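Counted from 1, the sequence shown has number 382 at position 380 by this note's numbering; the numbering is strictly sequential.
From the three backbone atoms N, C-alpha and C, an ideal C-beta is built for every residue, glycine too.
Remember, it's a predicted structure, so these values are computed and weren't measured experimentally.
See below for the structure under consideration.
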Amino acid sequence: MAVFTFVLLVLVLCFKTTTALLGDDNVAIPYAEPSSEIENAILIEDARLNFTQLAGKYGYLVEEHTVVTEDKYKLKVFHITGKGRCNGTKYSRPVVLQHGLLDSADTWLLAGPDAGLAYGLTDACYDVWCASVRGDCYSRAHETLDPDHDAQFWNFAFEEYGEIDLPSIIDYVIEQTDSEDVFYVGHSQGTSDFLIMTSTQEDYNDRIRLAILLAPIASLKHLKSKLLRLLAAGSPVLYEALNLTDVREIFGRKQPPHKIAAVLCTLVPEVACTVPIMALAGDSTNGISRKTKQILGDHYFCGSSTKNVVQCGQYVNTGRFARYDYGKEENLELYGVHPPPEFDLSRVRTPVVLVVAQSDKLSVIADVNLINATLPNVLEYYVVPKPDWGHASLVWNSELPVYVNSKIINYFNKYSDKANPLQN
3 MAVFTFVLLV LVLCFKTTTA LLGDDNVAIP YAEPSSEIEN AILIEDARLN
53 FTQLAGKYGY LVEEHTVVTE DKYKLKVFHI TGKGRCNGTK YSRPVVLQHG
103 LLDSADTWLL AGPDAGLAYG LTDACYDVWC ASVRGDCYSR AHETLDPDHD
153 AQFWNFAFEE YGEIDLPSII DYVIEQTDSE DVFYVGHSQG TSDFLIMTST
203 QEDYNDRIRL AILLAPIASL KHLKSKLLRL LAAGSPVLYE ALNLTDVREI
253 FGRKQPPHKI AAVLCTLVPE VACTVPIMAL AGDSTNGISR KTKQILGDHY
303 FCGSSTKNVV QCGQYVNTGR FARYDYGKEE NLELYGVHPP PEFDLSRVRT
353 PVVLVVAQSD KLSVIADVNL INATLPNVLE YYVVPKPDWG HASLVWNSEL
403 PVYVNSKIIN YFNKYSDKAN PLQN
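What follows is the structure, encoded as structure tokens:
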């Protein structure tokens, strides 16, 4: 308990510091938002580039699109329009890539142009759309709410991603491309978004031709990270403590933890990035290049709501993939039952490929076994044949083209020719 209390105090002080450093005009002083001179002096170029700039540096043209949800959140979606190394006509069916918790669309580029999935799919002549969900650094916007001053902006978690954001993104991409359906790749919470969407809004099963779920997350009953288990156990207390200090955003780019991670990963990547990745995600990081480690600190921590992180803790504590738990009284009022209802994965009809890493401490094979047993249309349950791969390797490892990207492309090539994959 003493360890958790210490961690709690550190987190509250770190995230609260941002609020204290922001004036009435919401301009941060240098500690919270380092000047460009300091960033230029410390961070390598790829750490300072946004999605469009980073892809552009390696010859991939990008369009930036804004999707407005029914509750007025403004989501950024990046469409790679350049051909890259594609020598022919692009496939007409688009591919939507969805990132995980505290991450952003950048994650699909961070392994570099020779290994990043977004690059690989573009080179294979696929029409790639990389999405960001509400509250991350690209989608920190709303038509009426100010994320820096309106607490209501941060009142979201898993359900809003799966029932509002992802359907809005899918509909937008289908409309823009005049396609009947899309291919989908999700990583970590991006897989949860898909499972929530297709289990609660069944018509979206027909709008996803095939889904590749990298490190799928539903129940976290068998989570192996001791630190995350500790934080999950104390997440209700942490949530209340942060709320009392008006902190509802976590790991945002204006907050000190983000800036500290960016600098340390650049200067001492083998310590600042390798140790946390090994402890939290299970990766040895041998296959993650030094350059990728150097830019992770600035690109990975892209922000989310404290409520979203707390719901992850609920999944660890209960072992259930369910709606947000507000406590017995409010659950009965909102859902009519207590505990909250679970998402029924047997309703997911879309063809699915499950991809898991052997050393993953988050998407643990024992939990993925439960997903595999429940989903009715699993085409393949693929365990990457690399014992030292963990959660992060599935998006950042330099050997992705050999063990993951090639499999995804082969499946997409196969299913591009099928008129109705749900009946095959």
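Per DSSP, which residues does residue i bridge with? Please list them.
i, result
"Gln100", "Ala133 and Gly188"
"Lys76", "Val70"
"Val358", "Val385"
"Ala153", "Beta-bridge pairing links Ala153 to no other residue."
"His81", "Glu65 and Trp131"
"Val380", "Val354"
"Ala1", "For residue 1 there is no data in the structure shown, the boundaries of the chain being 3 and 426."
"His224", "Beta-bridge pairing links His224 to no other residue."
"Glu251", "Ser307"
"Ile210", "Val184"
I believe residue i touches residue j by the beta-carbon criterion, under 8 Å. Please report the beta-carbon distance rounded to the nearest angstrom.
i, j, result
"Thr268", "Ile82", "Not confirmed; about 26 Å, so no contact."
"Val357", "Val386", "7 Å"
"Asp152", "Ser106", "Between Ser106 and Asp152 the Cβ distance is about 22 Å, and since that is not below 8 Å, they are no contact."
"Gly305", "Arg142", "7 Å"
Please tell me whether residue i and residue j are closer than 9 Å, where the distance is taken between their beta carbons.
i, j, result
"Gly392", "Asp285", "yes"
"Pro271", "Phe303", "no"
"Thr294", "Gly114", "yes"
"Val184", "Ile176", "yes"
"Ala133", "Gln100", "yes"
"Asp73", "Glu162", "yes"
"Lys76", "Glu145", "yes"
"Val318", "Lys223", "yes"
"Ala234", "Leu225", "yes"
"Asn436", "Leu119", "In this structure the chain extends from 3 to 426, so residue 436 is not present and cannot be described."
"Ala263", "Asp300", "yes"
"Tyr413", "Leu381", "yes"
"Thr352", "Ala213", "yes"
"Thr68", "Asp129", "no"
"Ile290", "Ser418", "no"
"Phe53", "Val70", "no"
"Ile171", "Ile210", "no"
In three-state DSSP terms, what is residue i?
i, result
"Val406", "helix"
"Leu216", "strand"
"Val397", "helix"
"Met3", "With a pLDDT of 39 at Met3, under the threshold of 50, the modelled position of that residue is not reliable, and no figure is offered here."
"Ser286", "coil"
"Ser237", "helix"
"Ile46", "coil"
"Ser306", "strand"
"His301", "helix"
Buried or exposed: where does residue i fall if 16 or more other Cβ atoms within 10 Å of its Cβ makes it buried?
i, result
"Asp296", "A small fix is needed here, since residue 296 is Gln in this sequence, not Asp. Buried, by the Cβ-count rule."
"Gly102", "buried"
"Val29", "Because Val29 carries a pLDDT of 31, less than 50, the predicted location of this residue cannot be relied on, and no value is offered for it."
"Lys363", "buried"
"Lys309", "buried"
"Arg87", "exposed"
"Arg292", "exposed"
"Glu251", "buried"
"Thr124", "buried"
"Asn89", "exposed"
"Ala368", "exposed"
"Ser348", "exposed"
"Gln313", "buried"
"Asn288", "exposed"
"Lys59", "exposed"
"Gln55", "exposed"
"Ser201", "buried"
"Ser94", "exposed"
"Ile411", "buried"
"Pro169", "buried"
"Asn157", "exposed"
"Pro149", "buried"
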